[in-house]
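For reference, the structure discussed in these notes is given below.
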Amino acid sequence: MKSFYRTMLMLLILAVAGLSACSGSANPQEFPAASADPAASLERWALYAPASSSSIPVILAAEELGNVDLTLYTNQDQANTLFARGEVDMVVTGLSVGVDLYRNEVPLQIVNTYVSGLSYLVTNGEALANFADLKGREVTVPFAGSPIEEVCRYLAAQEGLEWGQDITPVYAPFESSIALLKQGQAGAVILPEPSVSLLQGQPGISVSFSLYDLWNQYNPGGNGYPQVGTFANRDWAESHAAEIDAFNAALSKAIAAAQSDPQAAVETAAGSFKLPGGVLENALSHTHYQLYSGGEMQSHIQNYFQVIGKPLDEKYTQFYFIAEK
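Just so we're aligned: 35 in the numbering used here is position 31 of the sequence shown, and the numbers increase by one with no gaps anywhere.
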């Protein structure tokens, strides 16, 4: 019997030694653990994001995860329709677009905001420093009541000006306003990236001030305001918290990578755009990213609407995706 136990003990020791030798000599790249792939146990899902430089971190995050079917869209209405039908699981778009969809009873939840600054005043002629320099002039914004106009109204008021009286808004889509600016028929236009970088350096065109910088000037300690976020179909979100958490984690990592090495980020994402790499890199450097999710996101959004004088009421309690812990 003692001989039997001695034999069994020797076999156990040899087995443990064998496992230790394997774990000590294996190359992680050759024998990756199952948990090394963050999407290994997650379902594939569909994401739509705008064909804009603001989507560069989204492209990096989707590539990192490997389980995301990413489509870059140029038609906002089409993207909204597909999302509202439930044919797209998540969509990246402007915060105001998501709020409007929610108001129109599209079943959605916001899962993050990640862009806090990408809009600038571009002028035909000399550069201007602030809204006070625009007194008595016209400014072109995309449409009446647009998020850009709401922020312009707020910032102008901080400088003692009345929007619509001291500064006259003119309404035109971005493409039209760019053409008017080039032709000298518009003197001042508010534009987002990458449109700003496409115009920068052209004769007679000046990139004046950033709405992000002015916002921070009147809101000390802030980091811009929420402009772009990711929205999930509500039914899908209820059963895919793991996918949402993985995406937010990957997006946070991608933002850090894009900020630390913008050239590498652009090289990775450039194939998804019809823009020169130099324009993309410049646009990336002029875009401010800050990821918010969960309760922090909810507070950030509520504070923004409170500041601009349009607080969200109790009807928006289901607007935010906050995963249960």
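C-beta: ideal position from N, C-alpha, C; glycine also.
Owing to the predicted nature of the structure, the values given are computational and were not obtained by experimental measurement.
Item                                                                                                                                                            : Value
Would you please state the rounded distance, in angstroms, between the beta carbons of Ala53 and Leu74? I believe it to be under 8 Å.                           : 7 Å
So Leu195 is in the beta strand (DSSP E); what residue range does that whole segment cover?                                                                     : 192-196
Applying the 10 Å Cβ sphere with the 16-neighbour rule, what's the burial state of Gln208?                                                                      : The sequence given here has Gly at residue 208, not Gln. The residue is exposed, with fewer than 16 neighbouring Cβ atoms inside 10 Å.
What whole-angstrom Cβ distance do Phe178 and Leu195 have, given they're in contact under 8 Å?                                                                  : 6 Å
Near Ala236, which residues of its chain fall below 7 Å by C-beta distance, leaving aside the five closest residues on each side in sequence?                   : Asp93, Met94, Leu112, Gln113, Val115, Ile248, Phe325
Considering just the uninterrupted stretch of the alpha helix (DSSP H) at His304, what are its terminal residues?                                               : 298-311
Got a sec, what are the start and stop residues for the beta strand (DSSP E) Ala50 sits in?                                                                     : 49-54
Measure the C-alpha to C-alpha separation of Glu197 and Thr234 and round it to an integer number of angstroms.                                                  : 18 Å
For Leu284 and Gln306, what's the separation of their Cα atoms in angstroms?                                                                                    : 31 Å
What are the complete beta strand (DSSP E) segments, minimum 3 residues, inside the region 214-241?                                                             : 232-237
Helix, strand or coil: which one does DSSP assign to Val145?                                                                                                    : strand
Is the number of C-beta pairs between the region 97-108 and the region 219-234 that are closer than 8 Å three or more?                                          : yes
With a cut-off of 8 Å on the beta carbons, I'd call Gly121 and His292 a contact; round off their distance for me.                                               : 3 Å
Applying the criterion that 16 or more other CB atoms from any shown protein chain within 10 Å of the CB defines a buried residue, is Gln302 buried or exposed? : buried
What is the DSSP secondary structure of Asp137, reduced to helix, strand or coil?                                                                               : helix
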